[in-house]
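Engineer: Sharing a structure below in structure tokens format, with a few things to ask.
There are 2 protein chains.
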Amino acid sequence: MRMKVAVLGAGGLGRAACRIIGMKRELRLTAICDSKGLLVDPGGLDCEALACGSGDVVLSYPRRAHETAGPHADGGVATATALLARHSEDPLGELLEHGGDVDAWLVTLPNMPNEFIPGVARRFVQATDGAVFVDVLKRTAAVEQMFALEDAAKASRSVVLTGCGATPGLLTAAAVLAAQSFIEVERVDIWWGVGVANWEAYKATIREDIAHVPGYSVERAKAMSEAEVEAFLEKTGGLLELHHMEHADDVLLQRVGVVQSPEQVEVGGVMDTRHAKKPVSTTMTLTGITFEGKRATHRFLLGDETTMAANVIGPALGYLKRGVWLREHGIYGVFGSTEFLPMVVR
Amino acid sequence: MRMKVAVLGAGGLGRAACRIIGMKRELRLTAICDSKGLLVDPGGLDCEALACGSGDVVLSYPRRAHETAGPHADGGVATATALLARHSEDPLGELLEHGGDVDAWLVTLPNMPNEFIPGVARRFVQATDGAVFVDVLKRTAAVEQMFALEDAAKASRSVVLTGCGATPGLLTAAAVLAAQSFIEVERVDIWWGVGVANWEAYKATIREDIAHVPGYSVERAKAMSEAEVEAFLEKTGGLLELHHMEHADDVLLQRVGVVQSPEQVEVGGVMDTRHAKKPVSTTMTLTGITFEGKRATHRFLLGDETTMAANVIGPALGYLKRGVWLREHGIYGVFGSTEFLPMVVR
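Line by line, the protein sequences give chains A and B. Counting along the first sequence from 1, when you hit position 39 you're at 39 in our numbering, and nothing is skipped either side. Counting along the second sequence from 1, when you hit position 60 you're at 1060 in our numbering, and nothing is skipped either side.
See below:
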């Protein structure tokens, strides 16, 4: 039995999720939405078509599917094969209503404002009869709001896994492993490099990063016009170098006892919005004291050829499978990416 | 409530385990045995004294404890504070009988012959009313025998966690994390360095490594006299370089789907039996293909200042806490170190 997965958000990361889901024999993509519409097909959507599509998720879905469907009174399509393709003012609400029997929801929506995805998660957890909900949130404030859903998640027998991308996510879990050799962890330093040849494919991600620049905020970055973003990037030759980022690696590591205080965790990095090549290598460096009193450093390095999409969506799907496992074992609540090893999705 | 831990084996790794357990406020060492005797104290043994002791675990335990106890008819001591210090022909059997209410058993005994620790695990799983049993086994054949205990473990509501040291263990779990970025993993290469200034503290570990040298076997290494081991090491200036080791990283990674075949995993390393400095750095290198078709390599590096003891016992105690968690959640059976993230023990 394949796990039935719905993807919320059809931007760069959402489309990458479609492509990877299409390559996994354990997964079936049964629903996706963007801000304007939704597609649902319990038999499985065409992942590659969605990955290659651009713009509107409903309009860009292959005509073939639309044709077998025929038009519907409300301007969408519904068919004998149960394809639903519909523009909507409330795609998330319609997905909840018409999305069918979904095993897990993967959220790749931009989180602007900070409370947006926690709000979506609350809505899904409360509306479904036990959901597995996985996010790739980055900001500390947002992840803290996710943990506030603990009672709601338990009440509905849901599993919420938060901060399950690259950082927090893959690199933060690596810090939990690295910490095993030490009696006391002094510092965790995460330094990431991301290169995207075409920034328009990752508009939201780049805005989220601009929000970390001193003097900017999530609200200010969200309000910028595309021309303003372009002008901003023009000043630095397309590079964004960020330090002391408000990333949830800190609370996720504190929560499991790797560090005593969020100040022991530092996240920063460099994004090149004009070249696919990473401007710096991505590393997680943990320094601690061993039981013999020796100071030492463990390090986890990501290959430069791995993209942000591979390092965010791969782990997110591994945590998604873990979430389904947790739910099958009757373990409900909100968990961070530092609490479980993601599973390998075949 | 501290977790009550018993350590089976009081060699180099067993004594390191005592020291680390003594530094953790979540753990209490309530029992230990070696091949000749056992110590039990539900109130908590003196970890530092055990870590500093040498030779016989019963005789080397502080006289203070013996004195408050007074002699017993059978040559051991038993007291009002419930200390039991006794030489025994069957320390494991006596530990089962007199070890008290233990939350988890950590096995640091040498595994020679290959079926020794799986046999001990079977005995403990069958004799107790639900045990958590953690080993730091290395050989593929031994770990496979541990997995054969699945039915027995489930029947007694036990959790057995196998291969939970450094390799397999810490580095193998790091490979599960690294695999998340890839659609297909091509190779996992583990290359370890160990330096021990005084090989006599790690006699069993070194014999286990000699058993990997072409022309040797577990039986032949076990049968070597100490003089023969010394003569063997003399020929290489105290260095042992090993390739194509029969380490269970292969089956543990295949089991969770990181690799399709054990041949994709290679374990080797260099042990210096005369210097504490590591002769080479310990690394886990995973090469795979991303969903975009790019080949890349993730790497996990251990700091040279971390000893074998830190990298074996630290993770083993993290898995031990995970084992207690699994049992509390009603999840029983035999699991590998690649299935769960070890927890941080405070």
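Yeah, the Cβ is synthetic: ideal placement off N, Cα and C, and Gly gets one too.
Once the 5 residues before and after Met313(A) are set aside, which same chain residues still bring their CB inside 7 Å of it?
Structural biologist: The residue given as residue 313(A) occupies position 313 in the first sequence. Reading the sequence as shown, one finds Ile at residue 313(A) and not Met. Excluding positions up to five away in sequence, the list reads Leu13, Ala16, Ala17 and Ile20.
Engineer: Report the three-state DSSP secondary structure of Phe291(A) (helix, strand or coil).
Structural biologist: Reading the first sequence from its first residue, position 291 is the one you call residue 291(A). If DSSP states are grouped into helix, strand and coil, Phe291(A) belongs with coil.
Engineer: Taking the alpha-carbon positions, what's the Arg327(A) to Met3(A) distance?
Structural biologist: Looking up residue 327(A) in the first sequence gives position 327. Looking up residue 3(A) in the first sequence gives position 3. Each residue's alpha carbon lies about 13 Å from the other.
Engineer: For Met1(A), count neighbouring C-beta atoms within 10 Å of its own C-beta (all shown protein chains included) and say buried if the count is 16 or more, exposed if not.
Structural biologist: Your numbering for residue 1(A) matches position 1 in the first sequence. Its Cβ having fewer than 16 others within 10 Å, Met1(A) is exposed.
Engineer: Check Met271(A) in the structure and name its three-state DSSP category.
Structural biologist: As a working mapping, residue 271(A) is identified with position 271 in the first sequence. Strand at Met271(A).
Engineer: In the stretch 1017-1053 of chain B, which residue ranges form an unbroken alpha helix (DSSP H) of at least 4 residues, counting only runs that do not cross its ends?
Structural biologist: Taking only runs of at least 4 residues, the alpha helix (DSSP H) segments lying wholly in the stretch 1017-1053 of chain B are 1047-1052.
Engineer: Taking Ser1088(B) as the reference, which of Gly1165(B), Asp1101(B) and Leu1059(B) has the closest Cα?
Structural biologist: Within the second sequence, the letter at position 88 stands for residue 1088(B). It is Leu1059(B) whose Cα lies nearest to the Cα of Ser1088(B).
Engineer: So is Ser181(A) in contact with chain B if we call contact Cβ pairs under 9 Å?
Structural biologist: Here the question's residue 181(A) lines up with position 181 in the first sequence. Judged by the 9 Å Cβ criterion, Ser181(A) is in contact with chain B.
Engineer: Are the beta-carbon atoms belonging to Ala1316(B) and Thr1108(B) less than 9 Å from one another?
Structural biologist: Here the question's residue 1316(B) lines up with position 316 in the second sequence. Here the question's residue 1108(B) lines up with position 108 in the second sequence. Yes, Cβ-Cβ distance for Ala1316(B) and Thr1108(B) is below 9 Å.
Engineer: Along the stretch 286-302 of chain A, where does the CB come closer than 7 Å to a CB of chain B? Name the residues.
Structural biologist: Listed in sequence order: Thr290, Phe291, Glu292, Lys294, Arg295, Ala296, Thr297, His298, Arg299, Phe300, Leu301 and Leu302.
Engineer: Spatial neighbours of Gly93(A) within its chain, please: C-beta separation below 7 Å, excluding the five flanking residues on both sides.
Structural biologist: Here residue 93(A) corresponds to residue number 93 of the first sequence, with the count starting at 1. Excluding positions up to five away in sequence, the list is empty.
Engineer: Answer with yes or no whether the minimum CB distance from Pro342(A) to chain B is below 9 Å.
Structural biologist: For the purposes of this step, residue 342(A) is taken as the residue at position 342 of the first sequence. So yes, Pro342(A) belongs to the interface.
Engineer: Going by DSSP, what residue range makes up the alpha helix (DSSP H) through Val312(A)?
Structural biologist: By 1-based counting over the first sequence, the position of residue 312(A) is 312. Here the alpha helix (DSSP H) through Val312(A) covers Met308 to Glu328.
Engineer: Please identify the residue among Ile32(A), Lys235(A) and Ile289(A) whose C-alpha is closest to the C-alpha of Gly11(A).
Structural biologist: Numbered from its first residue, the first sequence carries residue 11(A) at position 11. Among Ile32(A), Lys235(A) and Ile289(A), the Cα nearest to that of Gly11(A) is on Ile32(A).
Engineer: What first and last residue would you give for the alpha helix (DSSP H) that runs through Phe124(A)?
Structural biologist: Translated into the one-based positions of the first sequence, residue 124(A) becomes position 124. Phe116 to Ala127 is the span of the alpha helix (DSSP H), which, as asked, contains Phe124(A).
Engineer: So which residues of chain A does Val1194(B) contact, with C-beta pairs closer than 9 Å?
Structural biologist: Counted from its first residue, the second sequence places residue 1194(B) at position 194. Within chain A, no residue comes near Val1194(B); the closest Cβ sits about 13 Å away, beyond 9 Å.
Engineer: As a quick exercise: from Glu1241(B), Gln1260(B), Glu1234(B) and Leu1242(B), pick the residue whose alpha carbon is nearest that of Asp1250(B).
Structural biologist: Walking along the second sequence from the start, residue 1250(B) turns up at place 250. For the residues Glu1241(B), Gln1260(B), Glu1234(B) and Leu1242(B), the minimum Cα distance to Asp1250(B) belongs to Gln1260(B).
Engineer: Roughly how many angstroms lie between the CA atoms of Lys1278(B) and Leu240(A), to the nearest whole one?
Structural biologist: Here residue 1278(B) refers to the residue found at position 278 when the second sequence is read from its first residue. Here residue 240(A) refers to the residue found at position 240 when the first sequence is read from its first residue. Looking at the two C-alpha atoms, the distance is approximately 39 Å.
Engineer: Taking the beta strand (DSSP E) that Ile190(A) belongs to, which residues open and close that run?
Structural biologist: Residue numbering aside, residue 190(A) sits at position 190 when the first sequence is read from its first letter. Per DSSP, Ile190(A) belongs to the beta strand (DSSP E) from Glu184 to Gly195.
Engineer: At the level of alpha carbons, what is the spacing between Leu50(A) and Gly44(A)?
Structural biologist: On the first sequence, position 50 is the one that residue 50(A) refers to. On the first sequence, position 44 is the one that residue 44(A) refers to. One C-alpha to the other measures close to 12 Å.
Engineer: Can you find at least 3 beta carbon pairs, one from the stretch 290-305 of chain A and one from the stretch 147-155 of chain A, that sit closer than 8 Å?
Structural biologist: Counting Cβ pairs under 8 Å, fewer than three are found: no touch.
Engineer: Rank Leu1038(B), Glu1226(B), Ala1006(B) and Pro1262(B) by C-alpha distance to the C-alpha of Leu1029(B) and give the top, closest one.
Structural biologist: Within the second sequence, the letter at position 29 stands for residue 1029(B). Ranking the options by Cα distance to Leu1029(B), first place goes to Ala1006(B).
Engineer: Which first and last residues belong to the beta strand (DSSP E) in which Glu1241(B) is found?
Structural biologist: Here residue 1241(B) corresponds to residue number 241 of the second sequence, with the count starting at 1. Segment Leu1239 to Leu1242, the beta strand (DSSP E) holding Glu1241(B).
Engineer: Of all the residues that make up the stretch 106-129 of chain A, which are near chain B by a beta-carbon distance shorter than 9 Å?
Structural biologist: Residues: none.
Engineer: Anything in chain A within Cβ reach of His1329(B), meaning under 7 Å, just list it in chain order.
Structural biologist: Position 329 of the second sequence, counted from the first residue, corresponds to residue 1329(B). Correct list: His329 and Ile331.
Engineer: By the 8 Å beta-carbon criterion, what residues does the stretch 8-35 of chain A contribute toward chain B?
Structural biologist: Cβ contacts with chain B: Ala16, Arg19, Ile20 and Met23.
Engineer: Determine whether the Cβ of Asp304(A) lies closer than 9 Å to any Cβ atom of chain E.
Structural biologist: Any reference to chain E falls outside this structure, whose protein chains are A and B.
Engineer: Quick one: complete alpha helix (DSSP H) runs, 4+ long, within the stretch 1121-1176 of chain B?
Structural biologist: List check, alpha helix (DSSP H) in window: 1140-1147 and 1150-1155.
Engineer: Determine whether the Cβ of Ile1190(B) lies closer than 9 Å to any Cβ atom of chain A.
Structural biologist: Taking the first residue of the second sequence as 1, we reach residue 1190(B) at position 190. No, Ile1190(B) lies away from the interface with chain A (no Cβ there is under 9 Å from its Cβ).
Engineer: Roughly how many whole angstroms lie between the Cα atoms of Glu1186(B) and His1298(B)?
Structural biologist: Here residue 1186(B) is taken as the residue at index 186 of the second sequence, counted from 1. Here residue 1298(B) is taken as the residue at index 298 of the second sequence, counted from 1. Answer to the nearest angstrom: the Cα atoms are 12 Å apart.
Engineer: Could you tell me whether the Cβ of Pro1315(B) comes closer than 9 Å to any Cβ of chain A?
Structural biologist: Position 315 of the second sequence, counting from 1, holds the residue named residue 1315(B). Chain A contact via Cβ: present.
Engineer: Suppose contacts are defined by Cβ-Cβ distances below 9 Å. Is Cys164(A) in contact with Tyr332(A) by that definition?
Structural biologist: Along the first sequence, one-based indexing puts residue 164(A) at 164. Along the first sequence, one-based indexing puts residue 332(A) at 332. No, they are not a contact pair.
Engineer: Taking 6 Å as the limit between beta carbons, can you name the residues of its chain near Arg1157(B), skipping five residues before and five after?
Structural biologist: Within the second sequence, the letter at position 157 stands for residue 1157(B). For Arg1157(B), where only same-chain residues beyond five positions count, the Cβ hits under 6 Å are Gly1130 and Tyr1332.
Engineer: Check for me: the beta strand (DSSP E) holding Gly336(A) runs from which residue to which?
Structural biologist: As a working note, residue 336(A) is residue 336 in the first sequence. Gly336(A) -> beta strand (DSSP E) spans Gly333 to Gly336.
Engineer: DSSP has Met112(A) in a bridge; who is on the other side?
Structural biologist: Taking the first residue of the first sequence as position 1, residue 112(A) is located at position 112. Paired residues: none, contrary to the question.
Engineer: Cβ of Glu200(A) less than 9 Å from any chain B Cβ?
Structural biologist: In the first sequence, the residue the question calls residue 200(A) occupies position 200. Chain B contact via Cβ: absent.
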